[in-house]
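Before any comments, here is the structure.
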Amino acid sequence: MTLRIAFVGCVESSRVALQSLLDIPTDTARLVGVLTRRASTFNADFVDLAPLARQAGLPLLVAEDAPEDAEQAAWLEQVGADLVFCVGWSKLLGPRTLGAAPRGIVGFHPAALPANRGRHPLVWALALGLEQTASSFFFMRAEADSGPVLSQQAIPILPTDDASTLYAKVVAALRVQIPAIVQGLARGTLQAIEQDHGLANHWRRRGMADGQIDWRMSAEAIHNLVRALARPYPGAHFIRGDQPVKVWRCETQAEGRMNLEPGKVLAVDGRQILVKCGSHAVRLLDHELAELPLAGDYL
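Quick look at the structure:
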């Protein structure tokens, strides 16, 4: 059967997901509408999907913010969606919306569900130094990230990965997963697997303070924080005077002298700054410090 699919999203991964759905042969799936936002202050990777939807001739529901549950549900019923894909939407869907499509709503979470549900999964994975994450699709339920899993692809995290490279890995995975999910659901050959809720944990929302470098942290922890908040995210920072200074890239360096205080500048080479940490040191490679310190100064 041909599935009538509506799409919900507003970030870069949403754009890739929508294009993947548009590329599926129309005898398997037909896109019937796109729900998106006009702008987002929450999502650093916001993308306006309206041009792509209009180019494809799709009905649009474009909102300044997330529409109310009743409005979303009515729109999905109006466009006649059998199935909905929701990729890159930061607000939980309400009960009427969750029940508006007969075949369900497929959600996306870049983590190895049931582990690591919740907020900022790519940032937390990098900041905590995890060596693997996953790209997971599941049927959405009232509780975030808790529904039966349709597809999960493991994604290794290398020490050289940052937010940008890990984001690219996730996008590459979902580009492959989406057509397989649609084909499996259309043919009735794909079965969702219930999550083991006893294995679940929930990552909290991060704030500005979570991105602040404290030189008493280990060099490894600072390196992980910097790569976690690399572009397209807002960047890790330290406080110089009373102003935040962004750090976009750094590397660790062994430093065994325990009598040197954290935050001490050990060396300056061009714009590269070597700083003592709680253990070892980090070399700041890409930063926004306007006035460079001297060796022996403190950050």
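The sequence shown maps to residues 316 to 614 in this note's numbering.
Quick reminder that beta carbons are idealized off the backbone N, C-alpha and C, glycines included.
Secondary structure note for residue 591: its beta strand (DSSP E) is the uninterrupted segment 587 to 591. The shortest CA-to-CA distance from residue 614 to any of 596, 469 and 555 is the one to 555. Bridge partners of residue 470 according to DSSP: 448. When the Cα atoms are used, residue 474 and residue 444 turn out to be separated by approximately 8 Å. Contact between residue 428 and residue 420 does not hold, since the beta-carbon distance rounds to 16 Å and is not under 8 Å.
Membership of residue 411 in the alpha helix (DSSP H) is indicated by the continuous run 410 to 413. The beta carbon of residue 521 sits closer than 8 Å to the beta carbons of 434, 435, 438 and 439 from its chain, once the five residues preceding and following it are set aside; these are given in chain order.
Selection 491, 574 and 392 evaluated against residue 418 yields 392 as nearest (Cα-Cα). By the C-beta criterion, the stretch 532 to 550 is judged to be in contact with the stretch 581 to 593, since at least 3 inter-stretch pairs fall below 8 Å. Taken in chain order, the unbroken stretches of beta strand (DSSP E) that lie wholly in the stretch 334 to 388 and span 3 residues or more are 344 to 352 and 375 to 378. With 16 or more other Cβ atoms from the protein chains shown falling within 10 Å of its own Cβ, residue 493 counts as buried.
8 Å or more divides the Cβ of residue 526 from the Cβ of residue 547.
Judged by beta-carbon spacing, residue 332 lies within the 8 Å limit of residue 402, meaning their Cβ atoms are closer than that value.
Annotation for residue 563: the continuous beta strand (DSSP E) segment containing it runs 558 to 568. In the structure shown, the three-state DSSP call for residue 525 is helix. Contact between residue 610 and residue 581 is confirmed by a C-beta separation of about 7 Å, below the 8 Å threshold. Per the coordinates, the alpha-carbon of residue 351 lies some 41 Å from the alpha-carbon of residue 530. Going by DSSP, residue 595 is part of no beta strand (DSSP E) at all; its letter is neither H nor E. Taking all protein chains in view, the Cβ of residue 504 is surrounded by fewer than 16 other Cβ atoms within 10 Å, so the residue is classified as exposed. Excluding five sequence positions before and after residue 612, the CB atoms of its chain that fall closer than 7 Å to its own CB belong to 580, given in chain order. Bounds of the alpha helix (DSSP H) holding residue 542 are 534 to 543. About 6 Å separates the beta carbon of residue 347 from that of residue 395, a gap short enough to meet the 8 Å contact definition.
The secondary-structure analysis by DSSP pairs residue 433 across a beta bridge with 518. For the options 544, 510, 449 and 577, the alpha carbon positioned closest to that of residue 523 is the one of 544. Linking residue 375 to residue 337 through their CA atoms gives a straight-line distance of about 15 Å.
The three-state reading of DSSP puts residue 465 in strand, counting E and B together. If you check the CB distance, residue 607 and residue 583 come in under 8 Å.
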